[in-house]
Every structure is written in structure tokens, then in C-alpha cells.
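Here the sequence shown is numbered in the working numbering, starting from 3 and rising by one per residue.
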Amino acid sequence: MYGEVLIVFSNIQYVESQRNYFESLWLDALLA
3 MYGEVLIVFS NIQYVESQRN YFESLWLDAL LA
């Protein structure tokens with residue numbers, strides 16, 4: 003149970019970091 007929660011949490015962290023990365027790329031493209 004605890005391991006599953008950790009897996010889900012790490013997946014959420016990964017998705018958030020990917021989303022932030024693409025948003026920063028998008029902003030860089032807009033401001034360039």
C-alpha cells in the first residue's frame with residue numbers, strides 16, 4: 003500500500019516537472 007502511494011506520488015512529480023519544463027519552453031519561444 004505504502005509503495006503504491008510512493009509510485010503514484012513520484013508519477014505526479016514527474017508529470018508536474020515535465021509540464022513545467024514545456025511551459026518554460028513555450029514562454030521562451032514566445033519571448034524570443
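Even glycine gets a Cβ: it sits at the ideal position worked out from N, Cα and C.
- Counting along the chain, residue 31 sits inside the alpha helix (DSSP H) bounded by residues 4 to 33.
- Within the same chain, and ignoring the five residues on either side of residue 3 in sequence, no residue has its Cβ closer than 7 Å to its Cβ.
- Taking the Cα positions, residue 12 is about 21 Å away from residue 26.
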